[in-house]
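Numbering (this note's numbering), first residue to last: 91 to 265.
Input: a single structure, listed below in structure tokens.
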């Protein structure tokens with residue numbers, strides 16, 4: 091029994107030591123090529139339903155031009171903002187995009203960049219693209235919330251934070 095117990099303890103220590111030396115670790119949510127993407131279209135102002143619909147129709151036309159290569163299999167467009175949602179107040183529509191098989195297309199980043207480039211000349215519209223993410227939903231990587239008992243101090247503080255973010259650079263889809 092002593093030899094069996096000693097062998098079990100040595101095996102336990104040996105497995106742990108081998109894993110510590112040669113193990114690659116575990117990645118719970120690896121960065122994979124997504125099958126879906128969500129494109130939020132934002133515009134400032136109090137737009138009527140017809141104005142939002144015409145802007146979304148133009149965005150859809152640009153998306154279909156990019157999708158003509160067969161890299162996008164389905165696109166579902168919704169104009170307007172859902173009630174009782176956590177979305178930004180200036181969202182005028184959302185496009186849910188389903189990509190073709192990842193082996194038969196370019197990367198999702200390249201496709202979404204092409205789409206964003208095709209809509210750059212549309213004045214007053216901001217495109218916020220979000221790929222499907224593995225793991226728990228966390229939203230945007232940087233989230234800042236400002237509050238104060240003195241509301242007149244908030245506007246200068248927001249300007250200061252935005253200036254700091256612009257100095258950092260490479261931040262996109264700020265809302």
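Glycine included, each C-beta is placed from N, C-alpha and C at the ideal position.
Rounding to the nearest angstrom, what Cα-Cα distance links residue i and residue j in this structure?
| i | j | result |
| --- | --- | --- |
| residue 92 | residue 103 | 16 Å |
| residue 156 | residue 215 | 18 Å |
| residue 257 | residue 222 | 29 Å |
| residue 255 | residue 128 | 24 Å |
| residue 196 | residue 163 | 13 Å |
| residue 138 | residue 211 | 22 Å |
| residue 262 | residue 213 | 17 Å |
| residue 165 | residue 159 | 14 Å |
For residue i, which of helix, strand or coil comes out of DSSP?
| i | result |
| --- | --- |
| residue 152 | helix |
| residue 144 | helix |
| residue 139 | helix |
| residue 157 | helix |
Would you give the residue range spanned by the beta strand (DSSP E) that residue i belongs to?
| i | result |
| --- | --- |
| residue 130 | 126-133 |
| residue 162 | 162-169 |
Between which two residues does the alpha helix (DSSP H) containing residue i stretch?
| i | result |
| --- | --- |
| residue 103 | 92-112 |
| residue 258 | 244-258 |
Please report whether the beta-carbon of residue i lies at a distance below 8 Å from any beta-carbon of chain B.
| i | result |
| --- | --- |
| residue 93 | The displayed structure is made up of one protein chain only, and chain B is not part of it. |
Would you grab the beta carbon distance between residue i and residue j for me? Rounded to a whole angstrom, and I think it's under 8 Å.
| i | j | result |
| --- | --- | --- |
| residue 130 | residue 184 | 5 Å |
| residue 161 | residue 201 | 5 Å |
| residue 146 | residue 182 | 7 Å |
| residue 169 | residue 143 | 5 Å |
| residue 125 | residue 189 | 6 Å |
| residue 152 | residue 108 | So it is not a contact: roughly 55 Å between Cβ atoms. |
Worksheet item: Which runs of the beta strand (DSSP E) spanning at least 3 residues fall entirely within the region 173-241, listed in chain order?
Response: 181-189 and 215-221
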